[in-house]
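Novice: Count along the sequence shown from 1, then add 133; that gives the number in my numbering.
First, the structure itself, so that you have it in front of you.
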Amino acid sequence: MFDNKSILITGGTGSFGKKYTKTILERYKPKRLIIYSRDELKQFEMQQEFNDPCMRYFIGDVRDRERLIQAMNDVDYVIHAAALKQVPAAEYNPMECIKTNIHGAENVIKAAIENNVTKVIALSTDKAASPINLYGATKLASDKLFVAANNMVGQGQTRFAVVRYGNVVGSRGSVVPFFKQLIANGSENLPITHEDMTRFWITLQQGVDFVLKNFSRMYGGEIFIPKIPSVRITDLAKAYAPELPLDIIGIRPGEKLHEVMCPSDDSHLTLEFNDHFVICPSIKFYNDEHNYSRNLIDELGTTVAQGFEYHSETNPDFLTTEQILAFDKMAEL
Numbered sequence: 134m135f136d137n138k139s140i141l142i143t144g145g146t147g148s149f150g151k152k153y154t155k156t157i158l159e160r161y162k163p164k165r166l167i168i169y170s171r172d173e174l175k176q177f178e179m180q181q182e183f184n185d186p187c188m189r190y191f192i193g194d195v196r197d198r199e200r201l202i203q204a205m206n207d208v209d210y211v212i213h214a215a216a217l218k219q220v221p222a223a224e225y226n227p228m229e230c231i232k233t234n235i236h237g238a239e240n241v242i243k244a245a246i247e248n249n250v251t252k253v254i255a256l257s258t259d260k261a262a263s264p265i266n267l268y269g270a271t272k273l274a275s276d277k278l279f280v281a282a283n284n285m286v287g288q289g290q291t292r293f294a295v296v297r298y299g300n301v302v303g304s305r306g307s308v309v310p311f312f313k314q315l316i317a318n319g320s321e322n323l324p325i326t327h328e329d330m331t332r333f334w335i336t337l338q339q340g341v342d343f344v345l346k347n348f349s350r351m352y353g354g355e356i357f358i359p360k361i362p363s364v365r366i367t368d369l370a371k372a373y374a375p376e377l378p379l380d381i382i383g384i385r386p387g388e389k390l391h392e393v394m395c396p397s398d399d400s401h402l403t404l405e406f407n408d409h410f411v412i413c414p415s416i417k418f419y420n421d422e423h424n425y426s427r428n429l430i431d432e433l434g435t436t437v438a439q440g441f442e443y444h445s446e447t448n449p450d451f452l453t454t455e456q457i458l459a460f461d462k463m464a465e466l
């Protein structure tokens, strides 16, 4: 569906954007693939790796609506990946987080509608479900904006959906590169925040593939959540350095002990498919009703039990230390 189409990704110089670009260029022949981001150095570095004739690099911030409108001219599909993501940084710089994650989301929506973009998928996070930190709260607000945007289009064609998933193995600022750096530098222990902590775990390629498939699945208004394994932070440390003792340093500002991707309060809206969940919109869209239990590629979903919660601690699928290392090898491909 992406052959001879124009695609724009906000925050395109990040880990997701690079993997998405590599995947698109390997599998499809897009008309244009536009990287929209605010860091000229990262764009210069990315151009050394990705310089296909279809590539376009736009300097711009999602806070700048006019620049977004210009960049989305004649674009068919948008992936909104730009965000301020670091939990402690958001706690200490709340207004900056709000400007990028909430006002930026609004700007992406309005630019997409003005340019009659066909489909938009916004990337979210498990921290947006029952949030306790500002980053999660801003992404919850962003999710609500993108779902409700399907009511703003009037007779236009643009449709919006959200993809929510957990920690990405090896992404910038994540724990795995941090552990590896400490080990390489000869650290005598590995710091962990809490010995009971759990997280959902996914590789970058799995995240990209899930986003790509949901462009085919979506009607508009869905929050898509993949079925993925959990890890225990202690198992993660043991996998990379079984001989090193652990140093319990305490939970950081705004950090959860466990994560949730489908909260129990949304169980009446949640459908289970073979390899993913969908949280259906809680609002009715103007003149646009869908049977979300059968998606556009004819997959069938069923309602979950009342009170169901997709939770990293109660997830039936946990990775062993051997599987964690296997995931790490997959992430390097």
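Glycine is no exception: its CB is placed at the ideal position from the N, C-alpha and C atoms.
1. Using CA atoms only, rank isn't needed, just tell me which of Lys371, Phe357, Asp172 is closest to Ala294.
2. How should Glu328 be labelled, buried or exposed, when 16 other C-beta atoms within 10 angstroms of its C-beta is the threshold for buried?
3. Along the chain, where does the beta strand (DSSP E) that runs through Pro414 open and close?
4. Whole angstroms is fine: what's the gap from Arg292's alpha carbon to Leu377's?
5. Out of curiosity, what's the CA-to-CA distance linking Gly353 and Cys230?
6. Assign Gln314 to one of two classes, buried (16 or more other C-beta atoms within 10 Å of its C-beta) or exposed (fewer than that).
7. Determine which residues share a DSSP beta bridge with Asn110 and list them.
8. Is Pro359 closer than 8 Å to Phe343 when the C-beta atoms are compared?
9. Let's see if you can read the secondary structure: which residues bound the alpha helix (DSSP H) around Lys313?
10. Does DSSP put Ala294 in a helix, in a strand, or in coil?
11. Check whether the stretch 204-218 touches the stretch 167-186, taking contact to mean three or more Cβ pairs, one atom from each stretch, closer than 8 Å.
12. Closest by CA to Asn283, which one among Glu355, Lys218, Thr331, Ala223?
13. In the DSSP assignment, what residue or residues form a beta bridge with Ile430?
14. Give the C-beta separation of Gly145 and Ala214 to the nearest angstrom, bearing in mind that I take them to be a contact with Cβ-Cβ under 8 Å.
15. Return the Cβ separation of Val195 and Val250 in integer angstroms, given the expectation that the two are a contact with Cβ distance under 8 Å.
16. Give every residue of the same chain whose Cβ lies closer than 7 Å to the Cβ of Tyr190, excluding the five residues on either side of it in the sequence, and list them in chain order.
17. Across the stretch 329-337 and the stretch 418-426, are there enough close Cβ pairs to call them in contact, namely three or more that are closer than 8 Å?
18. Any idea which residues DSSP pairs Lys218 with across the strands?
19. Ignoring anything shorter than 3 residues or poking outside the stretch 172-202, list the beta strand (DSSP E) runs there in chain order.
20. Does the stretch 424-444 come close enough to the stretch 366-381 to have 3 or more Cβ pairs within less than 8 Å?
21. With DSSP as the reference, please indicate the residues paired to His213 in a beta bridge.
22. Taking the C-alpha atoms as reference points, what is the distance between Asp408 and Lys155?
23. Can you tell me where the alpha helix (DSSP H) with Thr403 in it begins and where it stops?
24. Quick check on the burial criterion: 16 or more other C-beta atoms within 10 angstroms. Buried or exposed for Asp398?
Specialist: Let's see:
1. Position 161 of the sequence shown, counted from the start, is the residue given in the question as residue 294. Ranking the options by Cα distance to Ala294, first place goes to Phe357.
2. In the sequence shown, the residue the question calls residue 328 occupies position 195. Exposed.
3. Within the sequence shown, numbered from 1, the residue matching residue 414 stands at position 281. It is not in any beta strand (DSSP E) - Pro414 carries neither H nor E in the DSSP assignment.
4. In the sequence shown, the residue the question calls residue 292 occupies position 159. In the sequence shown, the residue the question calls residue 377 occupies position 244. Approximately 50 Å between the Cα atoms of the pair.
5. Position 220 of the sequence shown, counted from the start, is the residue given in the question as residue 353. Position 97 of the sequence shown, counted from the start, is the residue given in the question as residue 230. Gly353 and Cys230: Cα-Cα distance of roughly 26 Å.
6. Here the question's residue 314 lines up with position 181 in the sequence shown. Exposed, by the Cβ-count rule.
7. Residue 110 lies beyond the stretch modelled for the chain, which goes from 134 to 466, so this question has no answer here.
8. Looking up residue 343 in the sequence shown gives position 210. Looking up residue 359 in the sequence shown gives position 226. For Phe343 and Pro359, yes; Cβs fall inside 8 Å.
9. One-based indexing of the sequence shown puts residue 313 at position 180. Looking at the DSSP string, the run of the alpha helix (DSSP H) that includes Lys313 is 308-317.
10. Position 161 of the sequence shown, counting from 1, holds the residue named residue 294. Note: Ala294 maps to strand in three-state DSSP.
11. yes
12. Position 150 of the sequence shown, counted from the first residue, corresponds to residue 283. Nearest of Glu355, Lys218, Thr331, Ala223 to Asn283, Cα basis: Glu355.
13. Locating residue 430 in the sequence shown gives position 297, counting from the first residue. Beta-bridge pairing links Ile430 to no other residue.
14. By one-based count along the sequence shown, residue 145 stands at place 12. By one-based count along the sequence shown, residue 214 stands at place 81. Sure, about 7 Å apart at Cβ, within 8 Å.
15. On the sequence shown, position 62 is the one that residue 195 refers to. On the sequence shown, position 117 is the one that residue 250 refers to. No, Val195 and Val250 are not in contact; Cβ-Cβ is about 15 Å, not under 8 Å.
16. Numbered from its first residue, the sequence shown carries residue 190 at position 57. Taken in chain order, the residues that qualify are Ile168, Gln176, Gln180.
17. no
18. As a position in the sequence shown, residue 218 is number 85, starting the count at 1. DSSP lists no partner for Lys218.
19. 188-192
20. no
21. In the sequence shown, the residue the question calls residue 213 occupies position 80. In DSSP, His213 forms a bridge with Thr143, Ala255.
22. Locating residue 408 in the sequence shown gives position 275, where the first residue counts as 1. Locating residue 155 in the sequence shown gives position 22, where the first residue counts as 1. Between Asp408 and Lys155, the C-alpha separation is close to 24 Å.
23. To locate residue 403, count along the sequence shown from 1; it is residue 270. Element bounds for Thr403: not the alpha helix (DSSP H) but the beta strand (DSSP E), 403-405.
24. Residue numbering aside, residue 398 sits at position 265 when the sequence shown is read from its first letter. Label assigned to Asp398: exposed.
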